[in-house]
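So the numbering used here is basically just the index in the sequence shown, starting at one, shifted up by 39. Notes follow once the structure below has been shown.
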Amino acid sequence: MRILILGGDGYLGWPTAMHFAARGHAVTAVDNYLRRTLALQTRSEPLIAAPDLEQRAEIFREISGFGLDVRIGDCADYPFLESVMRETQPEVVVHYAEQPSAPYSMRGYSEAALTLRNNLATTLNVVWAIREAAPSCHLIKLGTMGEYGTPDIEIEEGWIEIEHKGRRDRFLYPRQAGSLYHTTKIMDTDLIWFYVRMWNLQATDLMQGPVYGLSTPEADRDERLLPNFHYDDLFGTIVNRFLVQAVAGIPLTVYGQGGQTRGYLNLLDTLQCVELAASHPPGAGQLRILNQFTECFTVNDLAAWVQRAGHSLDLRVEIQHLKNPRKEAEKHFYQPAHSGLLELGLRPHPLTEEILCSMLKRILPFKNRIDREQIYPRVRW
Ligand code: USQ
40 MRILILGGDG YLGWPTAMHF AARGHAVTAV DNYLRRTLAL QTRSEPLIAA
90 PDLEQRAEIF REISGFGLDV RIGDCADYPF LESVMRETQP EVVVHYAEQP
140 SAPYSMRGYS EAALTLRNNL ATTLNVVWAI REAAPSCHLI KLGTMGEYGT
190 PDIEIEEGWI EIEHKGRRDR FLYPRQAGSL YHTTKIMDTD LIWFYVRMWN
240 LQATDLMQGP VYGLSTPEAD RDERLLPNFH YDDLFGTIVN RFLVQAVAGI
290 PLTVYGQGGQ TRGYLNLLDT LQCVELAASH PPGAGQLRIL NQFTECFTVN
340 DLAAWVQRAG HSLDLRVEIQ HLKNPRKEAE KHFYQPAHSG LLELGLRPHP
390 LTEEILCSML KRILPFKNRI DREQIYPRVR W
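So, in C-alpha cells, the structure goes:
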C-alpha cells in the first residue's frame with residue numbers, strides 16, 4: 040500500500056513509519072517538528088536523544104534496507120499538504136499530526152490557541168486534501184479514549200443506540216473530555232463524521248488509551264531508531280513516567296487518590312492496531328470507531344506494579360500522592376467496550392512484571408540524563 044503518515048516524527052508516528060516500511064509498503068512520513076519545538080520551549084527533552092526525521096530515515100535505510108520518503112512541512116498549511124497528497128497518492132493516510140499533550144493544552148492562552156488551531160486546522164486540511172487529491176483513500180485518525188471521559192455508564196465503541204419517546208436512532212457516543220487537547224479530539228471526530236456524511240469519505244477513528252513502551256522490532260536494531268521517550272509532566276505518559284521515576288529514585292507521582300482508571304496498551308499493540316485498521320478499510324461513506332486499548336487499571340495498581348518490578352531489580356521505589364493538578368474523577372466507574380480490534384485479529388501484549396523489568400533495564404543506562412526538574416506537574420487546572 041501507499042501510506043502517508045502525518046506526524047511521522049512522533050512517539051507513535053516514527054515506529055509506525057518503520058513498521059509499515061519494513062513490511063514492504065511505500066511510506067511517506069510528514070512532520071514539521073512541532074513536538075520537538077514545544078519540548079525545547081518547555082524544557083521537556085526526551086530521555087534518549089533522537090536524530091531528526093531525515094537522519095533517522097537514512098539510518099533505518101542503511102540498517103534495514105527499507106527506505107521511506109520524508110517531507111518536512113506543516114500539515115496545517117493546506118497547499119503543502121495538498122501537494123504531498125497529490126504526489127504520493129496514498130491509499131491510507133494515518134493522521135497523528137496533532138499537539139498530543141493534555142497539560143500543554145491547559146498551560147495558558149497561547150498553548151490553548153496553538154492546540155486548537157493546529158489540531159483542527161490539520162484535520163480540516165487532511166479531509167480536504169483527501170477529497171481534492173486522493174478521494175478513495177482511507178483516513179485513519181488517531182483519536183483518544185479521553186473523548187468519552189468517565190461517564191457512569193458503560194462506554195460503547197464510538198456509537199450508542201438511543202430510544203427516545205418510542206423511537207430509536209444511532210448517535211456518536213456522548214463525549215465529555217477533561218482537557219482542551221482531548222476536546223480537540225472530540226471536535227476532530229465531529230468534523231470527520233460530518234465530511235464522511237457529506238462526501239462519502241472512508242475513515243477509521245482509533246480511540247486510543249495511554250501507550251507505553253519503547254521497544255519495537257525495528258527500533259531495537261539501533262538506539263538511534265528508538266521512539267522519542269518523554270517522561271516529563273507535559274509530554275510523558277504515566278507508565279513511561281513511573282518507570283523513569285523508579286530509575287531516578289523519585290517516589291512515583293500518583294495524582295490525587297489514584298483511583299483514576301484508563302485503558303492502556305503497549306506500543307507494539309498500537310502498531311498492530313493501525314496495521315489491522317489499514318488492511319481492513321471500512322468502505323466508502325463509513326466512519327468506523329474502534330476503542331484502542333488492551334486492558335484497564337488504576338493509577339494505584341500501576342504504581343504498585345512498578346514498585347514490585349523495581350524492587351525485583353533492587354531499585355528503591357516509593358509512592359507519593361500529590362495534590363491532583365488536573366480536574367478529573369479520582370474514583371469512578373469505568374467499563375469501556377473494546378471488541379472491534381480483537382475481532383479484526385489483534386493479539387494483545389498485556390502488561391507484565393517482566394515487561395516492566397525489561398523497560399527498567401532499558402532506561403537504567405540513561406539514568407544520568409534524567410532531569411529531575413521535569414518530573415513534578417507544572418500545569419494545574
Ligand atoms: N497521572 C498520574 N501521575 C502522573 C501522570 C499521570 O497520576 O505522573 C494520571 C493522570 O492524572 C490521569 C492518568 O494518569 O488520570 C493518565 O494520564 P497520562 O498523562 O498518562 O495521559 P493523558 O494526559 O490522559 O494523555 C495521554 C496522551 C494522550 C492520549 C491519552 C489517552 O498524552 O495523547 O490521548 O493518553 S487517554 O488517557 O485515554 O485519554
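Note that the Cβ used here is the ideal one computed from N, Cα and C, for glycine as well. Keep in mind it's a predicted model, so treat the numbers as computed, not measured.
Within the continuous beta strand (DSSP E) that includes residue i, where are the two ends?
i       : result
Thr-67  : 65 to 70
Ala-199 : Residue identity check: residue 199 is Ile in the sequence provided, not Ala. First-last of the beta strand (DSSP E) with Ile-199: 198 to 203.
Thr-300 : 300 to 305
Phe-336 : 334 to 337
Met-246 : 241 to 247
Asp-18  : Given that the chain is displayed from residue 40 to residue 420, the structure contains no residue 18 and the question cannot be resolved.
Leu-265 : No beta strand (DSSP E) contains Leu-265, which DSSP labels as neither H nor E.
Arg-327 : 326 to 331
Gln-359 : 358 to 361
His-221 : Per DSSP, His-221 belongs to no beta strand (DSSP E); it is in the alpha helix (DSSP H), 219 to 238.
Tyr-294 : 291 to 294
Ile-44  : 41 to 45
Val-123 : Taken as a continuous stretch (DSSP letters only), Val-123 belongs to no beta strand (DSSP E), being part of the alpha helix (DSSP H) at 117 to 127.
Val-132 : 131 to 134
Give a yes or no on whether the C-beta atoms belonging to residue i and residue j are separated by under 7 Å.
i       : j       : result
Ile-402 : Val-278 : no
Tyr-220 : Thr-154 : yes
Val-30  : Gly-349 : Only positions 40 to 420 of the chain appear in this structure, which leaves residue 30 out of reach.
Leu-45  : Cys-114 : yes
Leu-273 : Tyr-143 : yes
Ala-68  : Gly-47  : yes
Thr-333 : Pro-387 : yes
Ser-83  : Asp-271 : yes
Pro-139 : Ala-173 : no
Arg-110 : Val-131 : no
Gly-298 : Glu-369 : yes
Asp-70  : Leu-92  : yes
Ile-358 : Leu-291 : yes
Leu-178 : Ala-78  : no
Less than 8 Å between the CB atoms is what I'm expecting for residue i and residue j, so what's the real figure, rounded?
i       : j       : result
Leu-310 : Pro-54  : 6 Å
Gly-248 : Leu-304 : 6 Å
Glu-171 : Glu-97  : Contact doesn't hold; Cβ gap of about 31 Å is too wide.
Val-250 : Leu-341 : The Cβ separation is near 14 Å, so there is no contact.
Met-40  : Ala-258 : Going by Cβ atoms, the distance from Met-40 to Ala-258 rounds to 21 Å, so no, they are not a contact pair.
In terms of residue numbering, what span does the alpha helix (DSSP H) encompassing residue i cover?
i       : result
Phe-59  : 52 to 61
Leu-86  : Element bounds for Leu-86: n/a, residue is neither H nor E.
Arg-10  : Lying before the first or after the last residue shown, residue 10 is absent from the chain, which here runs from 40 to 420.
Ala-173 : Unbroken run through Ala-173: none, as it is neither H nor E.
Arg-207 : Premise fails: Arg-207 lies in the beta strand (DSSP E), 206 to 211, not in any alpha helix (DSSP H).
Tyr-143 : 141 to 144
- On the three-pair Cβ rule with 8 Å, is the region 255 to 272 touching the region 204 to 217? As far as the Cβ criterion goes, the region 255 to 272 does not touch the region 204 to 217, which means the pair count is below three.
- Item | Segment contact flag, the region 57 to 72 with the region 217 to 233, C-beta cutoff 8 Å, min 3 pairs | No: the two stretches stay apart, fewer than three of their Cβ pairs being nearer than 8 Å.
- Assess, as a yes-or-no matter, whether the region 138 to 157 is touched by the region 193 to 203 under the definition of 3 or more beta carbon pairs within less than 8 Å. Counting C-beta pairs closer than 8 Å gives fewer than three between the region 193 to 203 and the region 138 to 157, which falls short of the contact rule.
- Message: Could you check whether the region 285 to 292 touches the region 409 to 419, counting it as contact only if at least three pairs of C-beta atoms, one from each stretch, sit closer than 8 Å?
- Response: Yes, the region 285 to 292 is in contact with the region 409 to 419.
- Query: Taking contact to mean at least 3 C-beta pairs separated by less than 8 Å, is the region 84 to 102 in contact with the region 137 to 150?
  - Reply: As far as the Cβ criterion goes, the region 84 to 102 does not touch the region 137 to 150, which means the pair count is below three.
- Message: Pairs of beta-carbons, one from the region 243 to 258 and one from the region 177 to 193, closer than 8 Å: are there three or more?
- Response: Counting C-beta pairs closer than 8 Å gives three or more between the region 243 to 258 and the region 177 to 193, which meets the contact rule.
- Message: Any contact between the region 328 to 338 and the region 251 to 262? By contact I mean 3 or more CB pairs, one from each, below 8 Å.
- Response: Under the 8 Å Cβ criterion, the region 328 to 338 does not count as touching the region 251 to 262, having fewer than three qualifying pairs.
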